[in-house]
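Below you'll find the structure, written out as structure tokens, and then a few comments.
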Amino acid sequence: VAHNPGGAKWLADKLSREPKTGLRRAVWSSLMDKSLSEIVAPLCDCFDVWYVGGLPTPRSASSQTLQAILAKQGIDGVQVFDSVNQAFSAAQE
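In structure tokens form, the structure reads like this:
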């Protein structure tokens, strides 16, 4: 739901107003030409676990790239998958 830095800021604000019950999970994939660090920055403290996976397009950021972006932001609760569909399935379990 957050396709750019503005959307990520909106989502972080929205989540900060919601009562937190249980774990918050993020499923993330993105195109490589997006501002990945700027998208993640406002969401750093919003989720307990991140599930990352690539998209079925050559423009997709790899799972490893997404994990590296999260690591640079100090996020280490990351599970890595080949595809965003696999990441979503794992998050649902």
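So that you can map any letter, position 10 of the sequence shown is 146 in this note's numbering, and since no number is skipped, the others follow by simple counting. Every residue, glycine too, gets a C-beta built ideally from N, C-alpha and C. Since we're looking at a predicted model, the values are computed, not measured.
- Taking a 10 Å sphere around the C-beta of Pro194, we find fewer than 16 other C-beta atoms and assign the residue as exposed.
- Within the same chain, Asp184 and Val185 come within 8 Å of Leu159 by CB-CB distance, once the 5 residues on both sides are set aside.
- The beta carbons of Ile211 and Cys180 sit closer together than 8 Å.
- Per DSSP, reduced to three states, the secondary structure at Ala204 is helical.
- Under the three-state reduction of DSSP, Asp149 is assigned to helix.
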